[in-house]
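Presented below is the structure to which this report refers.
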Amino acid sequence: MSRSSLRSRVVPSTRRIVIGSAVVLATLGAWTTTATAASAIEPAYSVAPPSTEQRACTLDGFVIEHLPDGIGTPSDFEYEWEDVSFHSRVWETGPDPEGAFKVDLTVKTLRGEKLTDLEALKTFLIEYEEKDPDSWELTPVKVGGYDGLFTGDEVFYFVAPGVAAEVTIDHDRFTDEDVLDTAAGFHPET
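In this note's numbering, the protein residues as written are 167 to 356.
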């Protein structure tokens, strides 16, 4: 085999290696640039899609028929305190420039044997919320067909033995009417 025929075989092979390497490096460069650019525009927080129950506007057997405009993203919580179980949905907006979130609205159901009437509910909430019973100014209200007590940013009401509901709202952004309208639309499914 002559030197020139060897060279003609080597040069195309070398050329293919060099060109192939250049294509690989260019692809890696584009991929790295795209990955870097994509990571630079990631949101500051991630939001899970709403659950089926959230989309259906129900919570623990209660419907949610009215919500004020301007509330944020919902999250659901379940917890228990002193043999009373809570199911709550909390709407939050944020983050603000400092990265904090703010609670706009909370609806919750309370279930427990000690919730026998409105007075028992009030006594329970005084302890749970660490309120001073002498200074907690409550106004009797009707929430739908239920007896309740209202204090500006909060309304709670007795539904049936063992079942109650509570709605709280950010009183800086929303009105008394907003909290009462939301409460009237938060009731057991029929």
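Positions of the beta carbon are idealized from the N, C-alpha and C atoms, including for glycine.
Computed from a prediction, not measured in an experiment: that's the story for all the values here.
Limits of the unbroken alpha helix (DSSP H) element including residue i
| i | result |
| --- | --- |
| D342 | D342 to A350 |
| L291 | L284 to Y294 |
For residue j and residue i, the rounded distance between their alpha carbons
| i | j | result |
| --- | --- | --- |
| R127 | S251 | Nothing can be reported for residue 127: it is not among the residues displayed for the chain, which extend from 167 to 356. |
| H337 | V269 | 11 angstroms |
| G265 | P327 | 42 angstroms |
| D235 | T259 | 12 angstroms |
| E246 | D226 | 14 angstroms |
| T224 | S301 | 34 angstroms |
| E279 | V309 | 22 angstroms |
Spatial neighbours of residue i in its chain, beta-carbon cut-off 8 angstroms, leaving aside the 5 residues before and after
| i | result |
| --- | --- |
| V329 | T275, L276, R277, L281 and P354 |
| E303 | T317 |
| F228 | V273, T275, A331, F352, H353, P354 and E355 |
Residue i and residue j closer than 8 angstroms at C-beta
| i | j | result |
| --- | --- | --- |
| A331 | F322 | yes |
| L284 | D313 | yes |
Start-to-end residues for the beta strand (DSSP E) that takes in residue i
| i | result |
| --- | --- |
| P234 | Here P234 belongs to no beta strand (DSSP E), and DSSP marks it neither H nor E. |
| L315 | Y312 to F316 |
Cβ neighbours of residue i in the same chain (closer than 6 angstroms, five flanking residues each side left out)
| i | result |
| --- | --- |
| S241 | V256 |
| H365 | Nothing in the structure corresponds to residue 365, since the chain is present only between 167 and 356. |
C-beta neighbour in chain B for residue i, strict 8 angstroms
| i | result |
| --- | --- |
| V273 | The question asks about chain B, but that chain is absent: this structure has only one protein chain. |
Contact set for residue i: own chain, Cβ-Cβ below 7 angstroms, skip 5 residues either direction
| i | result |
| --- | --- |
| P299 | I292 |
Are three or more beta carbon pairs between the stretch 239-253 and the stretch 272-286 nearer than 8 angstroms?
yes
Count Cβ pairs between the stretch 293-300 and the stretch 342-356 that sit closer than 8 angstroms; are there 3 or more?
no
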